[in-house]
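All letters in the sequence shown, in the order written, are residues 8 to 321 by our numbering. Input: a single structure, listed below in structure tokens.
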Amino acid sequence: MTWASFALRRTRRFAASLWVLVTASFLMIHLIPGDPVRGALGLTAPVELVNARRAALGLDDPLWSQYLGFLRGLVTGDLGTSMISNLPVAQTIGERLPETAKLALPAFAVVLLVAIPLGLVMAVLTRGGRRRGGELAFTSTSVFLAAIPEFLLAVGLVYGFAVQLAWFPVAGRDGLSSYVLPVLALSIAPAAILARIVRVELLSVLGHDYIRTARAKRLTARLVYTRHALPNALTATLTLAGLTLTSMVVGTVLVENVFAWPGMGSTIVASILQKDYPMVQGIVLVYGAMVLLVNLLVDVLLAVLDPRSLIKEG
């Protein structure tokens, strides 16, 4: 019954959040001041063209009818048609989403591969109040790196490594070297944050009785830290890692524009500037659904790793 109630609660919460997201994205085009079609086509567009485009988008229908049509479209995968390109929004997203994933997923892998070992090493080196200088340097550096916005870090990387040193391409997608700077721009700040969390969680775990018992059994330090300490510190780390992944996907919006990367981030910025509201609406909906799915996956993984959380919620 515990797992059944957990699944019911999570499904109910996910469905309610998804409904709010869908409704908010639908209302987006109706809350914009003025006529969105006129804004997209320009003030000089003929009245006949504006009226025809409004009719094609169904904006002349009653609001409830538009909402039902929007829901039917979502079920069938129809997210509308772009006002600028006249292409289906779903087709454009299907072409651009893989390009965004090519940045976000490698950056997330870099975050995990750097943050978890770094946090573990710093926890071991600074436990018990040792190496105060190293702890201060690590904390100060991680706070400084975490405070730098992705787009500002991206501009700095371009200036230093692409313009001045010419080690990597300035922008665009041309071979593996073009991935280095955008992936670094996305991963440096999250890696600094996650490394601090891993260190704090491990310092807490290293003071527990079962760690002292493992040491009393004369287990090697590697086994104590990797088999006993690290798995018990992963709960908070996994939660933050899920939030990090969602923030990195959203963070690609600005980073893609700095590096002229043909992903969803550059597409939504161009659509906002062109007032292509159906495209913005569809991309916002996809971004929001990705965030909800990642949060749901993290909840399930936490329940698997720590079944006691089910009892606490119940």
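We treat Cβ as the ideally placed atom computed from N, Cα and C, and that holds for glycine.
Nonlocal neighbours in the same chain, by C-beta distance under 6 Å from residue i, ignoring five residues either side
i	result
L86	V96, A97 and G289
L292	S32
A169	F175 and V177
V276	N264
V121	A198
R19	none
R138	L132
Beta-carbon proximity list for residue i, same chain, < 7 Å, skipping 5 on both sides
i	result
E106	W268, P269 and G270
Y74	F33
I318	Because the pLDDT at I318 is just 44, under 50, the model does not fix this residue reliably, and the value given afterwards should be weighed accordingly. Counting only Cβ-Cβ distances below 7 Å, and skipping sequence neighbours, we find T9.
V1	Lying before the first or after the last residue shown, residue 1 is absent from the chain, which here runs from 8 to 321.
E142	T133
I155	A196
L81	V29
V190	L110, P113, A114 and V117
V301	G249, L252 and T253
V150	none
Option in the options with minimal Cα separation from residue i
i	options	result
L56	Q171, L164, M90 and L201	M90
F77	G101, E102 and I36	I36
I39	Y294, V287 and E263	V287
V162	V265, S147 and L152	V265
A296	R19, S24 and R17	S24
D67	G84, G80 and V44	V44
Y186	V27, A108 and V29	A108
T148	P197, T83 and S12	P197
V205	L152, I195 and A130	A130
W71	T30, G167 and Q171	T30
S278	I100, L119, L152 and G140	I100
T274	A11, E102 and S12	E102
Own chain partners of residue i with C-beta closer than 8 Å, once the 5 adjacent residues on each side are dropped
i	result
F21	L299 and L303
T88	A63, L64, L94, P95, V96 and P285
L193	L110, A111, A114, E157, M255, G258, T259 and V262
R17	L303, D306 and V307
G84	A97
T146	R203
L104	G270, M271 and V293
V27	none
A14	none
P69	none
Cβ-Cβ separation, residue j to residue i (assumed contact under 8 Å), whole Å
i	j	result
V305	T246	6 Å
L309	T244	11 Å between Cβ atoms; not a contact.
Inset, instruction - Kindly confirm or deny that the segment 276–286 and the segment 47–61 touch, where touching means at least three C-beta pairs closer than 8 Å. - result: yes
Legend entry - Touch test, the segment 204–212 against the segment 130–140, Cβ-Cβ under 8 Å, three pairs minimum: yes
Legend entry - Given 8 Å, three or more beta-carbon pairs between the segment 249–256 and the segment 49–65: no
Inset, instruction - Could you tell me whether the segment 179–187 touches the segment 120–130, where touching means 3 or more Cβ pairs closer than 8 Å? - result: no
Inset, instruction - Please go through the segment 243–304 and give each complete alpha helix (DSSP H) segment of 4 or more residues, from N-terminal end onward. - result: If you keep only unbroken alpha helix (DSSP H) runs of at least 4 residues inside the segment 243–304, you get 271–281.
Legend entry - Continuous alpha helix (DSSP H) assignments of at least 4 residues falling wholly in the segment 26–87: 43–48, 54–64 and 70–83
Inset, instruction - Entirely within the segment 111–151 and at least 3 residues each: give me those beta strand (DSSP E) ranges in chain order. - result: none
Legend entry - Ranges of the alpha helix (DSSP H) found wholly within the segment 155–212, counting only runs of at least 4: 157–164 and 184–212
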